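Note that the protein sequences, when read in sequence, are chains P and Z.
Its first residue numbered 682, the first sequence is counted upward by one per residue in our numbering.
Its first residue numbered -17, the second sequence is counted upward by one per residue in our numbering.
This report concerns only the one structure given below.
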Amino acid sequence: MKEKIMAILEDVCGADEGELSPDTQLFEDGILDSFGVISLFVEIETQLGIKLEPTELDRDQLATPALIIAEVEKRA
Amino acid sequence: MFLLEGIKKYAATDRTALVNGEKSMSYAELDAESEAFAAWLLETFPGDKTPVVIYGHKEMALLPCAYGALKAGRAYVPIDITVPADRVSQIVEEVRPTAAVDFCGAGIEAERTLSADELAEVFRKYRGVEVPRSAWASGSDYAYILFTSGSTGKPKGVTIMISNVENFDREFSPWLESGGHVMLSQASYSFDLSVLPVWLGMAHGFTLHTFEKSVGEDFAELFSRLGKSGISVWVSTPSFAEMCCSSDRFDEKLLPSLDRFIFCGEVLTHRLVDELFRRFPRAKVINTYGPTESTVLVSAVEVTAEMAADERSIPVGEPLPEVTFRIADEDGHELPEGEEGELLIISKSVSAGYFKRPDLTEKSFFMDEKLGKRGYHTGDSACRMGNMYYYRGRIDNQIKLNGYRIEIEDVEKNLALVSNVARAAVLPVYDGETIRSLTAFVILEKPDGLANLERAVKIKRELRELIPAYMVPRRITAVESFPLTANDKIDKKKLRELL
């Protein structure tokens, strides 16, 4: 699951494999923007069948790969 | 002038003109503050008609400045805060404003630049003063100038006259009838979709609901506001509605008064229409079409169940009654029904041209002697079937991304200005008929030893100083060389294979 989410994130962010660390700040340097977040949600739903509800998640809860993985796992 | 008369009419009632979260403003306040700003302009710069530059975002005092400029016989030039300083300077150098309002302390150069505080002082000092109607902008006076992405790498200003917007109002306001009077005004004021709420909405007594970009990105806050708004007419880009659809809560329970969606600015997809029909079974979905150069929109259609079920794309509608559409081949010959060619618009809504750019104006605009009206080469490819027109793509490198109009060359030219970038090629990334993001390939001047994301972050940071964030590609990949076509141009088809 973790690897899959990381792979989705790398794909959405345009990162090389292994380039994102669990603590990379995704919003600070514009690695991820609001439309990127929506793409991420769509990919997670398509590939993992887990639905993230955007009204329940703000940027602080999605700030790093580790936080995103935690939110997805909560809903798995 | 219909807009200023409309504001005066509703200023005599207790109706609310504008709501942004907890903040609101009545028509009476809007009228009074715009009078005050107009009075200051007329007293400080008698006889001056230079457009007023307004730099800001969704400040409550912004529209009173725009309407105040009009009451003083001037156009306004709205520049959104998403535009970085360098680009703002390019616009300001072109306009050479005498008066400007700067809500963000960006240092807009003009003879007099008012800060938000100084503006509030003007509102106080000139309270109760009313300027004569004879001072109002009218007829062929400019109403506003919107700067849009230009393929030279610099923005170009589309000038719109009062007579253009008057025509737009005459032609399109019937589509707003009996739809309640609360309107969503999502777009930033520097984007011409906002002209629909800001001109037609206000002229006809709508209460506009707006919000900052940051609220649009915060779903919890956005949905809480939407739920309280009572919006009956939704005006946005398809992208924005699509983004809202990523939440299951976006439905008629959230917006029980919603009567119609009006979409403009980019392709309306089948996917979105199906979603909206399902989530809002009682609301109409109206698709419209028009470039900034022909004043917001010049064709419209209510999307029917048949159109939604049809495998052809959703039509952009029939031209409004006064408007003539012509589909032409490369030599300008009119093409018959069903054939695809460039769409030409001939209408009283067509702009006088690009601000101080007769060269660009000459290239894209023409006079149709037979109809006695101006025409515009849209660069859009389209075809007609029956009375309906269908959009088929662009004949040049202009694209729409999340509702924003972008010239690909504008991004490429600015990317090449970033340090250590020798050349750049930018490609739109499609998901069906919708462009989801931009991706860039760059050739470096010398190796930098960085990993891809690290380098992309560095390049993007510099690029955001040159162009608005919405134009910055999501992915940036360094390559050794570009594949070339037989005549030594970058082969974008081959480049696309690297995606």
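Even for Gly, the Cβ is constructed at its ideal location relative to N, Cα and C.
Please read all numbers here as calculations on a predicted model, not as lab measurements.
Residues of chain P with a Cβ closer than 8 Å to the Cβ of Z:LYS442 are, in chain order, ASP710 and GLY711. The residues ASN2, LYS40 and SER167, in chain order, have a CB closer than 6 Å to that of Z:THR192 in the same chain once the five nearest residues on each side in sequence are set aside. With fewer than 16 other Cβ atoms inside 10 Å of its own Cβ, Z:PRO303 counts as exposed. Contacts with chain P (Cβ-Cβ distance below 9 Å) from the region 416 to 435 of chain Z involve ARG418, SER419, THR421, ALA433, ASN434 and LEU435, listed in chain order. Each of Z:ASN434, Z:TYR452, Z:PRO465 and Z:ALA51 was checked against the Cα of P:CYS694, and the nearest Cα belongs to Z:ASN434.
Bounds of any beta strand (DSSP E) do not take in Z:ILE63, whose DSSP letter is neither H nor E. Listed as beta-bridge partners of Z:HIS191 by DSSP are Z:VAL1 and Z:LEU166. Looking at the DSSP output, Z:THR141 sits in a beta bridge with Z:ILE127 and Z:GLY335. Under the DSSP definition of a beta bridge, Z:SER295 lacks any partner. Per DSSP, Z:CYS227 is one residue of the alpha helix (DSSP H) stretching across 220 to 227. Flagged as an interface residue toward chain Z: P:ILE719, by a C-beta distance shorter than 8 Å. Taking 8 Å as the threshold, the shortest C-beta distance from Z:VAL439 to chain P falls below it.
Under the DSSP assignment, Z:GLU389 falls in the beta strand (DSSP E) whose first and last residues are 386 to 389.
Secondary structure at Z:ASP311: coil, using DSSP grouped into helix, strand and coil.
The alpha-carbon of Z:SER176 is positioned some 5 Å away from that of Z:ALA169.
Nearest neighbour of Z:PHE150 by Cα position, chosen from Z:SER329, Z:PRO429, Z:SER401 and Z:MET349, turns out to be Z:SER329. At a cut-off of 8 Å between C-beta atoms, P:GLY730 does not count as an interface residue with respect to chain Z.
Ranking Z:LYS235, Z:SER419 and Z:PRO297 by CA distance to the CA of Z:ALA364 puts Z:PRO297 first. Chain P places a beta carbon closer than 8 Å to that of Z:ASN384, counting this residue as a contact.
Straight-line spacing of the CA atoms in Z:GLU25 and Z:TYR108 works out to 10 Å. A residue is called buried when at least 16 other Cβ atoms come within 10 angstroms of its Cβ; Z:LYS428 does not meet this threshold and is exposed. Nearest neighbour of Z:ARG387 by Cα position, chosen from Z:VAL140, Z:LEU(-14) and Z:PHE154, turns out to be Z:VAL140. With a threshold of 8 Å between beta carbons, P:ALA696 makes contact with chain Z.
Taking a C-beta distance under 8 Å as the contact criterion, Z:VAL83 and Z:GLU17 do not qualify as a contact pair. Below the 7 Å Cβ cutoff, chain Z contributes ASP200 and ALA202 as neighbours of P:ASP739, in chain order.
In the displayed model, Z:GLN380 falls within a strand according to three-state DSSP. Pairing Z:ASN269 with Z:VAL285 gives a Cβ-Cβ distance under 8 Å.
Z:GLY357: member of the beta strand (DSSP E) spanning 355 to 367, first to last residue. Bridge pairing for Z:SER8: Z:THR(-2) [DSSP].
Nearest Cα to Z:VAL217 within the set Z:GLU293, Z:ALA51, Z:GLY385 and Z:GLU322: Z:GLY385.
Taken through DSSP and simplified to helix, strand or coil, Z:GLU300 comes out as strand. If you check the CB distance, Z:ILE449 and Z:PRO66 come in under 8 Å.
If you ignore the 5 residues before and after Z:GLY55, its C-beta comes within less than 7 Å of the C-beta of LYS31, ALA117, TRP118, ALA119 and ASP123, all in its own chain and listed in chain order. Where Z:ASP230 is concerned, there is no enclosing beta strand (DSSP E), because DSSP gives it neither an H nor an E. Annotation for Z:THR95: the continuous beta strand (DSSP E) segment containing it runs 94 to 97.
Distance check between P:THR745 and each of P:LEU713, P:GLU734 and P:LEU729 places P:LEU713 closest, using alpha-carbon atoms only.
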